[in-house]
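Here the protein sequences line up with chains A and B, keeping their order.
Residue 39 is where the first sequence starts when you use the working numbering, and the numbers rise one by one after that.
Residue 56 is where the second sequence starts when you use the working numbering, and the numbers rise one by one after that.
Report on the following structure.
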Amino acid sequence: MIRLHDVAKEYTQSRVALSHVTFQVKRGEFVFLIGPSGSGKTTILKLLYMEEKPTHGDVWVSGVHANTARRKEISQLRRKLGIVFQDFRLLEDRTAEQNVAFALEVTGAPKAAISQRVNRVLTQVGLASKATQMPRQLSGGEQQRVAIARALVNDPYFLLADEPTGNLDERATRGVFQLLREINAAGTSVIMATHDLEIVRKADDARTIELNHGRVVFDSMDTPAPETRYTPLIGQPALGGPNEGNWPAPPGNTK
Amino acid sequence: MLSVREAWNASRRAPLLSTLGVITIAFSLFAFGLFALVAVNIRHALRGVEERVEVRAFVSDGTSADAIATAMADIAAFPEVARVDYVSQEGALERARKDMGEFSDVFEEAVLPASLDIHLKAGLRDPGRVKAVADRVRSYQFVDDIRYGEEWVEKLYQLRAVAAGTGLGLGLAFAAVSIIIIGATIRVSVLARAREISIMRLVGATDGFIRAPFLIDGFVKGIVGGLLALLLTWIAYRTVDERFLDLVFFDPRFIVIGILAGALIGVLGSLTSVWSHLRRV
């Protein structure tokens, strides 16, 4: 379970990345974080994998409190989080399977278990036949699949994906997104930051949280009725304008 | 095991940097080794001189053999005293002739007084103790005069203290410089692997796990650098020993300590650079 309560993140006094952010994510959910560049999507993910600490408010991830967690606890937590980035972050001098095995080796997993689990996840992402190839020999979509396999190999509770399709062409995007949906169907929560609204529209059963200027301006969980359902189009709600209907006022302005 | 493999891979991927690191360690330790060699030889030379610290009590003519024997037994029982020798007038003459070499015939017979030569135990030859022994011996009635080279003993001790102090100070300075240099070379390899380290952190590696390969790397480089420095120091020692001065080399215990110091410097250097890097990621 992920819980953010009245979270603010300020890098400097003049650079406020997030303010008054409150939401929860339960096991098994698929959540899109959407919003324009600089709206705070990446900052939320960084708070979740605890690369950053909140300036104000509380962040809990699987029982670990970000504000007070020690480095060792953060390391332990990250073994239960899969993290995927736009730029894949693979080690260029290792094969696909070595990249995936790396995530298990750092946890001290036994050698026999490692090769078995690496094979399993590479098969799951459809790359079993390219296990021994180097990242530069793989296409962008394939590299992202390796990164996803690495994220999955520790059986994470949550998969955090920061613009995972941002560097991919349309076909690869569809494939990677389909893979994330399958992973979610198997029980892992997925939190995906994206500004590809095409994808968001297609997955109409997923939850959508929209950010703007560091605030949550829309959360589909708060709008249950299908006919008032928000169709995300950044800055252009389908029904009514920002001051009407389902468009909640930013939390800080209600006081 | 994995850490050893990672350390080896890292070194293999950056052979130039690794070689540079080892050479830096070797030269820092070589400078340290040269200084230590000088210090060891000063100490060795001083020890030779120190052996000669003695209190000489001149005995009046006509003192009975009994009185001298009793006094010798008394003095030998002082806690500081290692040995007491009686040197007769003839003995004194002979020794003087031997010391003076070609001028030996200037001495007429029996012009020199007999004496008691009192040797002190090693470690108990500091100026204060020497003076105390001399004062006690002076109280014997048959003792005419007493010589123990007051100033000389004090100078010797000052020289030794200065040598030891300088040695320690310079040794620590060299060690600190070595740690900084090695820290810098390992820092370069930490930076070269910054991306790998950040990925390791993302997949949940603990700081200890990330640090281990660098520590092994530093340890091995320290040992190799230490051996290389030992070889260089030995070459320097042989060169001087054969052509200029008789020197002594380090004893085996000191060599082992020196190489371990190299390893320690390597480990400390890598620890500081990895620590400062990890604190920022």
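Ideal Cβ positions, reconstructed from N, Cα and C, are used throughout, including at glycine.
Computed from a predicted structure; not experimentally measured.
- Close to chain A, meaning a Cβ-Cβ distance shorter than 9 Å, are the following residues of the stretch 225-258 of chain B: R250, E251, S253, I254, M255, R256, L257, V258.
- Annotated three-state conformation of K118(A) is coil, per DSSP.
- Residues of chain A with a Cβ closer than 7 Å to the Cβ of F264(B) are, in chain order, V144.
- The Cβ atoms of I123(B) and V114(B) sit closer than 8 Å to each other.
- Interface residue (Cβ-Cβ distance to chain A less than 8 Å): A260(B) is classified as such.
- Here the alpha carbon of P70(B) sits roughly 10 Å from the alpha carbon of G76(B).
- The Cβ atoms of A134(A) and Q182(A) lie no closer than 8 Å to each other.
- Using a CB distance cut-off of 8 Å, S57(A) does not count as an interface residue toward chain B.
- In the three-state reduction of the DSSP assignment, D172(B) falls in the strand class, which pools E and B.
- Leaving aside the five residues that flank I201(B) on each side, the residues in its chain whose CB is nearer than 8 Å to its CB run, in chain order, V110, R111, A112, F113, A189, V192, R193.
- Your pair I320(B) and I241(B) does not check out as a contact, with CB atoms roughly 11 Å apart and the cut at 8 Å.
- For F90(B), no beta strand (DSSP E) encloses it; the enclosing alpha helix (DSSP H) starts and ends at 70-105.
- Using a Cβ-Cβ cut-off of 8 Å, K110(A) counts as an interface residue toward chain B, since at least one Cβ of chain B sits closer than that to its own.
- Contact between the stretch 89-104 of chain A and the stretch 130-148 of chain A is absent: fewer than 3 CB-CB pairs across the two stretches fall below 8 Å.
- Residue environment for L323(B): buried (at least 16 other C-beta atoms within 10 angstroms of its C-beta).
- In the structure shown, the three-state DSSP call for V102(A) is strand.
- As for any beta strand (DSSP E) of minimum length 3 sitting wholly inside the stretch 202-246 of chain B, there is none.
- Between the stretch 145-154 of chain A and the stretch 118-126 of chain A there are fewer than three C-beta pairs closer than 8 Å, too few to call the two in contact.
- Distances from the CA of L92(B) to each of A284(B), L315(B), G178(B) were compared; the closest alpha carbon is that of A284(B).
- Beta bridge pairing from DSSP links S227(A) with F196(A).
- Rounded to whole angstroms, the gap between the alpha carbons of D121(B) and D199(B) is 17 Å.
- Secondary structure of L56(A) (DSSP, three-state): strand.
- Rounded to the nearest angstrom, the gap between the Cα atoms of R138(B) and A126(B) is 13 Å.
- At least one C-beta of chain B is nearer than 8 Å to the C-beta of S113(A).
- Between V311(B) and L302(B) a beta carbon distance of about 20 Å is seen, past the 8 Å cut, so the two are scored as non-contacting.
- Secondary structure of V45(A) (DSSP, three-state): strand.
- Collapsing the DSSP output to three states places T133(A) in coil.
- Contact between the stretch 53-65 of chain A and the stretch 211-230 of chain B is absent: fewer than three C-beta pairs spanning the two stretches fall below 8 Å.
- Within the model, the alpha-carbon separation for K79(A) versus K91(A) is close to 15 Å.
- If you draw a straight line from the Cα of I314(B) to the Cα of D131(A), it comes to about 34 Å.
- By the CB criterion at 8 Å, L167(B) and A151(B) fall inside the cutoff.
- In the DSSP assignment, R180(B) falls outside any beta strand (DSSP E), carrying neither H nor E.
- Using a C-beta cut-off of 8 Å, the stretch 208-228 of chain A makes no contact with the stretch 104-112 of chain A, since fewer than three inter-stretch Cβ pairs fall below that distance.
- The C-alpha of L326(B) lies about 7 Å from the C-alpha of L270(B).
- With a 10 Å radius around the Cβ and a threshold of 16 neighbouring Cβ atoms, G263(B) comes out exposed.
- Exclusion of the five residues before and after L175(B) leaves V108, E109, V110, E135, V136, A137, R184, V185, V188 as the residues of its chain whose Cβ lies within less than 8 Å of its Cβ.
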